[in-house]
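**Student:** Mind having a look at this structure? Questions to follow.
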Amino acid sequence: MSDITTLSATEIAAAVRGGTLSAAAVTDAFLARIAAVDPQVGAFLTVTADAARNAAAAVDAKIAAGIDPGKLAGVPIAIKDNMCTLGVATTCASKILDGFIPPYDATVITRLQDAGAVIIGKTNLDEFAMGSSSENSALGVTRNPWDLSKVPGGSSGGSAAAVAARLVPISLGSDTGGSIRQPAAFCGTLGLKPTYGRVSRFGLVAFASSLDQIGPFANTVDDIALAMEVLSGHDPKDSTSLPIDAPELVNESNGDIKGLRVGIPDEYFAEGISEPVRAAVMQVVDKLVELGAVVTHISMPHTEYTLPAYYIVAPAEASSNLARYDGVRYGNRAPKTLSHSDLAEKTREQGFGAEVKRRILIGTYALSAGYYDAFYHKAMQVRTLIQQDFIKAFEHVDVLITPTTPTTAFGIGEKSDDPLAMKLSDICTLSANLAGVPGISIPAGFDDAGLPFGVQLLGPALSEAMLLKVSRSYLDATHWNEQAPEL
Amino acid sequence: MALSPDEVRKVGSLARLALTDDEVEHLTPQLNDLLSQFERLQAVDTTGVPAMSHSVPVKAFLREDVIVPSLPRAVVLAMGPEVDELLGGFVVPQVLAGDA
């Protein structure tokens, strides 16, 4: 049965809907692969085998009754463990949520289930999605499937590793400053951060609400398109959900890219970008030109202010969002406390890890009396300038191409006690969140050590179909996405 | 612009984090590393530039004034680390100062 796990989600759904493959057989095949391979990788925090088998049986029962189970019929999907799942522990990889069993599903979970998908488990992450290596998890280590001594990236490292290791054909991540695209690059998968507001955030545990966005990992463009058709669309439960329907991505992302205007923003190739990564991006540029694209260099002058602006805005929002963890309504509680504030201080002190504390402190400081104007207000103004850079760029080009990360995957432990060095690995991805535009990381070959390169494509708001079209053209010509690690 | 250990402790208190002395010692230089990055923003001319809190214009909207079901109280209380099921509430230590 091992060949089932090499099928794409698109192939699985077609076979299940066509009655040539049962959802039960698909689920069993992936559960067997997870049992065999995940002890090395550590992608999953929870495998929901029984619930997955029940969901698969329900899909098969629909097929038997002549009812179409939906676009993702029988497709096993892994969920980053910061999205609420009814009756299944949701930890955010934090001790402070120990024992938390959500009483409701995130909207994305409901949408996947309504489309016939089979939720197979919850994946590891940096605590509360804060980090770039998944090493900030309080619950376990996730390893890069291409080299088990390297990090998978983060914060959605478990979801990226699960797709790269073919433990699932599709997984969900969340991206606040690169947390889908950066691990996708490190693990050699595709990872899409949709336009802000495209996918409902209801039930996603909030980190920085104006930046957070849920998106898919997969190994094919078709699977990303299929997932996005199911995930997208207005949700009245999310006040920032855009009032537009899900796009027709599977069909609209077909076609050639003749005449497509590709922009190279020179500022993204400045200090810190390794020479092999720069060369990998240029190879993609050459291939796109071969396929008919037209390339121009452009300038995005506020790029150098992205890191400081981001590390004020995101922690400021986080410090407010994470105020809710006070040991009263859910999760862990410090024992033997004397007062309500003592309870909150001790619960938070014991429950949060170092990176979460750093960001809460920075955010609290940036919002405190006397510093609000110098920090937070200034950062919000610079955010406007960064977005204007994008708006001006897209007057001249259709898509921007940049590295996803300055280097390929780094070693476990290499940067874990240097928070600033860790943050620099997100330097190319932060701007899309500040500007709200969609971005995708696609696999673009391997370095001398056999680690995957990722290249980032950025487009204007709501241009997911175009991003997928460019990705498809490149990957159809190179097939980098078909490479799988040996595990 | 650099934070002293005492200032880190004070910010910790504002953030409801009872930091240990070891943590304060470890965190202070790390926070100052990040703060030094922020100073670069002061070089940007933002005169007349509007502040952006959201990347897409979001307008608060009102839903139809129709009663929809909420989570049952028992389900919500089941999540609490310490609850009084009889009274139907979460149990917290003393909130107001005074004799316990």
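Taken in order, these protein sequences are the chains called G and Y. Reminder that position 478 of the first sequence reads as 478 in our numbering, one-by-one numbering, no gaps. Heads up: take any position in the second sequence, counting from 1, add 1000, and you land on our numbering. Heads up, the beta-carbon is just placed ideally off N, CA and C, and yes, glycines get one too.
Between the segment 425 to 436 of chain G and the segment 368 to 377 of chain G, do three or more beta carbon pairs fall short of 8 Å?
**Tutor:** no
**Student:** Check whether the Cβ of Gly327/G lies closer than 8 Å to any Cβ atom in chain Y.
**Tutor:** With 8 Å as the cut-off, Gly327/G counts as an interface residue toward chain Y.
**Student:** Determine the contact status of Ala89/G and Ile101/G, defining contact as a CB-CB distance below 8 Å.
**Tutor:** In contact: Ala89/G and Ile101/G (Cβ atoms closer than 8 Å).
**Student:** Quick one: grab the DSSP three-state call for Ile101/G.
**Tutor:** coil
**Student:** Locate the alpha helix (DSSP H) running through Lys150/G, then write down its first and last residues.
**Tutor:** Per DSSP, Lys150/G belongs to no alpha helix (DSSP H) and is neither H nor E.
**Student:** Got a sec: which bits of the segment 377 to 401 of chain G sit with their beta carbon under 7 Å from any beta carbon on chain Y, in order along the chain?
**Tutor:** Listed in sequence order: His377, Lys378, Ala379, Met380, Gln381, Val382, Arg383, Thr384, Leu385, Gln387.
**Student:** Where does Val470/G land, buried or exposed, given buried means 16+ other C-beta within 10 angstroms?
**Tutor:** buried
**Student:** So with CB distances below 9 Å, who are the chain G contacts of Arg1040/Y?
**Tutor:** Glu304, Tyr305, Leu307, Pro308
**Student:** Distance, Cα to Cα, Ala129/G vs Thr306/G?
**Tutor:** 19 Å
**Student:** May I ask you to report which of helix, strand or coil DSSP gives Ser8/G?
**Tutor:** coil
**Student:** Throw me the rounded Cβ distance for the Ala43/G and Ala117/G pair, which I believe falls under 8 Å.
**Tutor:** Wrong, their Cβ atoms sit about 18 Å apart, outside the cutoff.
**Student:** Answer yes or no: does any C-beta atom of chain G fall closer than 8 Å to that of Leu1062/Y?
**Tutor:** no
**Student:** Quick one: what does DSSP say Ile224/G is sitting in, helix, strand or coil?
**Tutor:** helix
**Student:** Alpha carbon to alpha carbon, how far is Pro247/G from Ser299/G? Give it in angstroms, no decimals.
**Tutor:** 31 Å
**Student:** Who does Asp1084/Y pair with in a DSSP beta bridge?
**Tutor:** In DSSP, Asp1084/Y forms a bridge with Gly1089/Y.
**Student:** Give the secondary structure of Ala477/G by DSSP, where H, G and I count as helix, E and B as strand, and everything else as coil.
**Tutor:** Note: Ala477/G maps to helix in three-state DSSP.
**Student:** What first and last residue would you give for the alpha helix (DSSP H) that runs through Lys346/G?
**Tutor:** 340 to 351
**Student:** Quick check: Leu424/G and Pro406/G, are their CB atoms within less than 8 Å of each other?
**Tutor:** yes
**Student:** In chain B, which residues lie less than 7 Å from Ser1004/Y when you measure between Cβ atoms?
**Tutor:** The displayed structure is made up of protein chains G and Y, and chain B is not among them.
**Student:** Helix, strand or coil: how does DSSP classify Gly215/G here?
**Tutor:** strand
**Student:** For Lys122/G, write down the residues that DSSP places opposite it in a beta bridge.
**Tutor:** Thr46/G, Ile79/G
**Student:** Any idea what DSSP makes of Ile386/G, helix, strand or coil?
**Tutor:** helix
**Student:** Cβ of Gly154/G within 8 Å of Cβ of Gly121/G?
**Tutor:** no
**Student:** For the alpha helix (DSSP H) containing Ser1036/Y, list its first residue and its last residue.
**Tutor:** 1021 to 1038
**Student:** Between Asp1084/Y and chain G, is there a C-beta pair that is closer than 8 Å?
**Tutor:** Residue contact with chain G for Asp1084/Y: absent (no Cβ-Cβ distance below 8 Å to any residue of chain G).
**Student:** I'd like to know whether the C-beta of Leu1019/Y is nearer than 8 Å to at least one C-beta of chain G.
**Tutor:** yes
**Student:** CA-CA distance, Phe207/G and Glu317/G?
**Tutor:** 7 Å
**Student:** Under the rule that 16 or more other beta-carbon atoms within 10 Å means buried, what is Ala1100/Y, buried or exposed?
**Tutor:** Any reading at Ala1100/Y must be qualified, since the residue scores a pLDDT of 46, below 50, and its modelled position is unreliable; no value is offered.
**Student:** Answer yes or no: do Ala29/G and Thr5/G have a C-beta to C-beta separation smaller than 8 Å?
**Tutor:** yes
**Student:** Taking the alpha carbon of Asp212/G as the reference point, which residue from Ser232/G, Thr189/G, Asp175/G, Pro243/G has its own alpha carbon closest?
**Tutor:** Asp175/G
**Student:** Checking contacts by CB at 8 Å: is Arg1009/Y closer than that to chain G?
**Tutor:** For Arg1009/Y, the closest Cβ of chain G is not nearer than 8 Å.
**Student:** How would you list, in chain order, the residues of chain G whose beta-carbon sits under 8 Å from the beta-carbon of Arg1016/Y?
**Tutor:** Ala323, Asp326, Ser341, Ala344, Glu345, Arg348
**Student:** If we ignore side chains and look at the alpha-carbon of each, how far apart do Gly124/G and Thr1047/Y end up?
**Tutor:** The sequence given here places Asn at residue 124/G; Gly does not occur at that position. So the two alpha carbons sit approximately 43 Å from each other.
**Student:** In three-state terms, what does DSSP make of Leu1096/Y?
**Tutor:** coil
**Student:** Using a Cβ cut-off of 8 Å, pull out every chain G residue sitting near Asp1065/Y, in sequence order please.
**Tutor:** None at all; the shortest Cβ gap to chain G is about 14 Å.
**Student:** For Pro452/G, decide whether its Cβ has a neighbour in chain Y, counting only Cβ atoms nearer than 8 Å.
**Tutor:** no
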